[in-house]
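Asker:
Chains as they are written, first to last, in the numbering used here: chain Y, 1 to 157; chain F, 1001 to 1327.
What follows is the structure, encoded as structure tokens:
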């Protein structure tokens, strides 16, 4: 009985010290501070890799993307953010193939849930790191992700 | 002289407000105020101007006389307790022969201010906060009294200046062995509870009671509660520094004359403020580390742990004092 009494006191002091050690560590190690002084450090700001700012479609230097127009992302999207318009294209060997005409992305509807990126079989789209998206006109948030005149990359089917 | 002290205390409250916000920020891995003035040091001035310009609202169904009286009582009790504190060897407003008794009795008047604020606001949250605070202060008063008594036994006086003089050859915390360490720890815990700071801030408990007893207060009346909170924080730390850490007495090591001489060159005021600031920092450290206690845990801690331990401890100190076992 008396042993338990002193045991609880000892354990309580021990756990209080554990807590104080942690806060004391943070107090003396100011380099651990996580706060970003955002508008001031705009030039050097580095977002985390997992940060989701917007859906982007990477293009290589020959203005080629990897989107085959399979519409898996359009189906996966829960709020109809993505709309893919396809066209028939005649290739060099005379075959007709389906290619994307425009990949429309409604940024104002997007919740950045990442489902389209998971659904994409050819890694054509990914999450961008920019986040300063505020505009005065809602129409500006409707974006066409494939650049004008871009082609499907060789070897992506 | 009194005016100097009041101005000093108000400026000190500005500093403590700033210090608290910075300490909180650093412990929570944040930056804290950093926009107004260098490193955000003018933030509290800006806040004060804001509070001065705000409307002092009095709720319609409140008891208007008591509602306006409560913040006054809080501030007056806080300032009254400062009177017997010895800031240095030759600066003490009122060296009464019952200094410790005066401090512990006057400081418990704060509960009247809190109850008055809670009752007159005519608000459930305020009343709950005030009731909790009443239970808390009445309980923890006992432990504070007993832990102060242990030093009164050792030094044989209630007078602040004599308690400090009795520590000329070493602070009580250093020459008092483990009973004094225990009463020091109990004093720090109980005084944190006494001034309603986290982890004992049940009277305010933002998450449960919005702001507890000062929910209905705004503008300068609210600022007076804040002022009294920081003065109380200073006062309990100053008492702990005076009673356990030797007040303005410099730090001496036995007969190491050269070292003692160097320590004597530092004025007593800086010794006093340094010790006080150290204890204030520890109390702030508590606040930003520990979670708030429940009401039942609060009363458990006092009646099942602190009070029995401090009673046994008082007996130990008495035995130590009778047989002269301390240094």
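The beta-carbon is built from N, C-alpha and C at its ideal position, and this holds for glycine as well.
(1) Write down the C-beta distance between residue 44 of chain Y and residue 1030 of chain F rounded to the nearest angstrom, noting that I regard them as a contact closer than 8 angstroms.
(2) Give a yes or no on whether the minimum CB-CB distance between residue 32 of chain Y and chain F is below 8 angstroms.
(3) Using a 10 Å radius around the Cβ and a threshold of 16 neighbouring Cβ atoms, would you call residue 1284 of chain F buried or exposed?
(4) By DSSP, does residue 1112 of chain F sit in helix, in strand, or in coil?
(5) Can you tell me which of the three DSSP states residue 1008 of chain F falls into?
(6) Between residue 48 of chain Y and residue 129 of chain Y, what straight-line distance do the alpha-carbon atoms span, to the nearest angstrom?
(7) Mind checking if residue 1026 of chain F is an interface residue toward chain Y, Cβ cutoff 8 angstroms exclusive?
(8) What would DSSP say about residue 1145 of chain F, mapped onto helix, strand or coil?
(9) Specify the secondary structure class of residue 2 of chain Y as computed by DSSP and reduced to three states.
(10) Per DSSP, residue 86 of chain Y is paired with what?
(11) So is residue 1323 of chain F buried or exposed if we call it buried at 16+ other beta carbons inside 10 Å?
(12) From residue 1177 of chain F to residue 1257 of chain F, what distance separates their C-alpha atoms?
(13) Starting from residue 1181 of chain F, find everything on chain Y with Cβ-Cβ shorter than 7 angstroms and list it in chain order.
(14) How close, in whole Å, do the beta carbons of residue 1073 of chain F and residue 1113 of chain F come, if the pair is a contact with beta carbons under 8 angstroms?
(15) DSSP beta-bridge partners for residue 144 of chain Y?
(16) Does DSSP classify residue 1229 of chain F as helix, strand or coil?
(17) Would you verify that the beta carbon of residue 1200 of chain F is, or is not, closer than 8 angstroms to some beta carbon of chain Y?
(18) Consult DSSP for residue 126 of chain Y and reduce its assignment to one of helix, strand or coil.
(19) Drop a sphere of 10 angstroms on the beta-carbon of residue 1027 of chain F, count the other beta-carbons inside from all chains shown, and report buried for 16 or more, exposed for fewer.
(20) How would you label residue 1201 of chain F, buried or exposed, when you count the other beta carbons within 10 angstroms and need 16 or more for buried?
(21) Which two residues bound the contiguous alpha helix (DSSP H) that contains residue 1190 of chain F?
(22) CB-CB under 7 angstroms to residue 1214 of chain F, same chain, minus the five flanking residues each way: which ones, in chain order?
(23) In terms of alpha-carbon separation, which member of F:1115, F:1098 and F:1061 lies closest to residue 1128 of chain F?
(24) Taking the runs of the beta strand (DSSP E) that are 3 residues or longer, which of them lie wholly in the stretch 1037-1073 of chain F?
(25) Suppose the cutoff is 7 angstroms on Cβ atoms and the five residues either side in sequence are ignored; what does the same chain contact list for residue 143 of chain Y look like?
(26) Could you pull out every residue in the same chain whose Cβ sits closer than 6 angstroms to the Cβ of residue 115 of chain Y, ignoring the five residues on either side in sequence?
(27) Return the first residue and the last residue of the alpha helix (DSSP H) that residue 1321 of chain F is part of.
(28) At a CB distance below 8 angstroms, what residues from the stretch 1-27 of chain Y approach chain F? Give them in sequence order.
(29) Go to residue 76 of chain Y, then tell me how far its alpha helix (DSSP H) extends in each direction, as first and last residue.
(30) List, in order along the chain, the chain Y residues whose C-beta lies closer than 8 angstroms to that of residue 1030 of chain F?
(31) Whose CA, out of F:1125, F:1025, F:1005 and F:1190, lies closest to the CA of residue 1082 of chain F?
(32) Could you give the residue range of the beta strand (DSSP E) that holds residue 1089 of chain F?
(33) For the alpha helix (DSSP H) that contains residue 1206 of chain F, what are its first and last residues?
(34) Name, in chain order, the residues that DSSP records as bridge partners for residue 151 of chain Y.
(35) Taking buried to mean at least 16 other C-beta atoms within 10 Å of its own C-beta, is residue 95 of chain Y buried or exposed?
(36) Could you say which of F:1312, F:1046, F:1220 and F:1079 lies nearest to residue 1230 of chain F if we only look at CA atoms?
Answerer: Let me lay it out:
(1) By 1-based counting over the first chain, the position of residue 44 of chain Y is 44. By 1-based counting over the second chain, the position of residue 1030 of chain F is 30. The C-beta distance from residue 44 of chain Y to residue 1030 of chain F rounds to 19 angstroms, too long to fall under 8 angstroms, and the pair is not in contact.
(2) Position 32 of the first chain holds residue 32 of chain Y. Yes, contact with chain F.
(3) In the second chain, the residue the question calls residue 1284 of chain F occupies position 284. Around the beta-carbon of residue 1284 of chain F, 16 or more other beta-carbon atoms lie within 10 Å, marking it buried.
(4) Sequence index remark: in the second chain, residue 1112 of chain F carries index 112 (1-based). Three-state result, residue 1112 of chain F: helix.
(5) Taking the first residue of the second chain as position 1, residue 1008 of chain F is located at position 8. Residue 1008 of chain F: helix per DSSP, three-state reduction.
(6) As a working mapping, residue 48 of chain Y is identified with position 48 in the first chain. As a working mapping, residue 129 of chain Y is identified with position 129 in the first chain. Distance between the alpha carbons of residue 48 of chain Y and residue 129 of chain Y is about 8 angstroms.
(7) In the second chain, the residue the question calls residue 1026 of chain F occupies position 26. So, interface residue.
(8) Residue 1145 of chain F sits at position 145 when you count from the first residue of the second chain. DSSP places residue 1145 of chain F in helix when its eight states are reduced to three.
(9) Within the first chain, numbered from 1, the residue matching residue 2 of chain Y stands at position 2. Residue 2 of chain Y falls in the helix class under three-state DSSP.
(10) One-based indexing of the first chain puts residue 86 of chain Y at position 86. DSSP, once it has assigned bridges, lists Y:100 as partnering residue 86 of chain Y.
(11) Position 323 of the second chain, counted from the start, is the residue given in the question as residue 1323 of chain F. By the 10 Å Cβ count, residue 1323 of chain F comes out exposed.
(12) Mapped onto the second chain, residue 1177 of chain F falls at position 177. Mapped onto the second chain, residue 1257 of chain F falls at position 257. The straight-line gap from Cα to Cα measures roughly 24 angstroms.
(13) Here residue 1181 of chain F is taken as the residue at index 181 of the second chain, counted from 1. None at all; the shortest Cβ gap to chain Y is about 12 angstroms.
(14) Indexing the second chain from 1 puts residue 1073 of chain F at position 73. Indexing the second chain from 1 puts residue 1113 of chain F at position 113. Going by Cβ atoms, the distance from residue 1073 of chain F to residue 1113 of chain F rounds to 4 angstroms, so yes, they are a contact pair.
(15) If you number the first chain from 1, residue 144 of chain Y lands on position 144. Y:104.
(16) As a first step, residue 1229 of chain F is located in the second chain; it is residue number 229 there, counting from the start. Looking at residue 1229 of chain F - three-state DSSP - the assignment turns out to be helix.
(17) Working through the second chain from its first residue, we reach residue 1200 of chain F at position 200. It does not: the Cβ of residue 1200 of chain F has no partner Cβ on chain Y nearer than 8 angstroms.
(18) As a first step, residue 126 of chain Y is located in the first chain; it is residue number 126 there, counting from the start. Three-state result, residue 126 of chain Y: strand.
(19) Here residue 1027 of chain F is taken as the residue at index 27 of the second chain, counted from 1. Buried, because 16 or more other Cβ atoms sit within 10 Å of the Cβ of residue 1027 of chain F.
(20) In the second chain, residue 1201 of chain F corresponds to position 201, counting from 1. Classification for residue 1201 of chain F: buried.
(21) For this step, residue 1190 of chain F is matched to residue 190 along the second chain. It spans 1177-1194 - the alpha helix (DSSP H) in which residue 1190 of chain F sits, taken as one unbroken run.
(22) Counting from one through the second chain, the residue named residue 1214 of chain F turns up at place 214. These residues qualify, in order along the chain: 1117, 1222 and 1225.
(23) The count along the second chain starts at 1 and reaches residue 1128 of chain F at position 128. Considering only alpha carbons, the answer is F:1115.
(24) none
(25) In the first chain, the residue the question calls residue 143 of chain Y occupies position 143. These residues qualify, in order along the chain: 105 and 107.
(26) Here residue 115 of chain Y refers to the residue found at position 115 when the first chain is read from its first residue. If we look at residue 115 of chain Y and ignore the five residues flanking it on each side, its Cβ neighbours are 76.
(27) By one-based count along the second chain, residue 1321 of chain F stands at place 321. 1307-1323 is the span of the alpha helix (DSSP H), which, as asked, contains residue 1321 of chain F.
(28) 9, 16, 19, 20, 22, 23, 24, 26 and 27
(29) Reading the first chain from its first residue, position 76 is the one you call residue 76 of chain Y. Residue 76 of chain Y -> alpha helix (DSSP H) spans 72-76.
(30) Against the second chain, residue 1030 of chain F aligns to sequence position 30. The contacting residues are 33, 34 and 35.
(31) On the second chain, residue 1082 of chain F is found 82 positions in, with the first residue counted as 1. Residue F:1005 is the option with its Cα nearest to residue 1082 of chain F.
(32) As a working mapping, residue 1089 of chain F is identified with position 89 in the second chain. Note, residue 1089 of chain F: premise wrong, no beta strand (DSSP E); not H, not E.
(33) To locate residue 1206 of chain F, count along the second chain from 1; it is residue 206. Segment 1206-1209, the alpha helix (DSSP H) holding residue 1206 of chain F.
(34) Stepping through the first chain from its first residue, residue 151 of chain Y is reached at position 151. In the DSSP output, where bridge partners are listed per residue, residue 151 of chain Y has Y:64.
(35) To locate residue 95 of chain Y, count along the first chain from 1; it is residue 95. By the neighbour-count rule (16 or more Cβ atoms within 10 Å), residue 95 of chain Y is not buried but exposed.
(36) Your numbering for residue 1230 of chain F matches position 230 in the second chain. Nearest of F:1312, F:1046, F:1220 and F:1079 to residue 1230 of chain F, Cα basis: F:1079.
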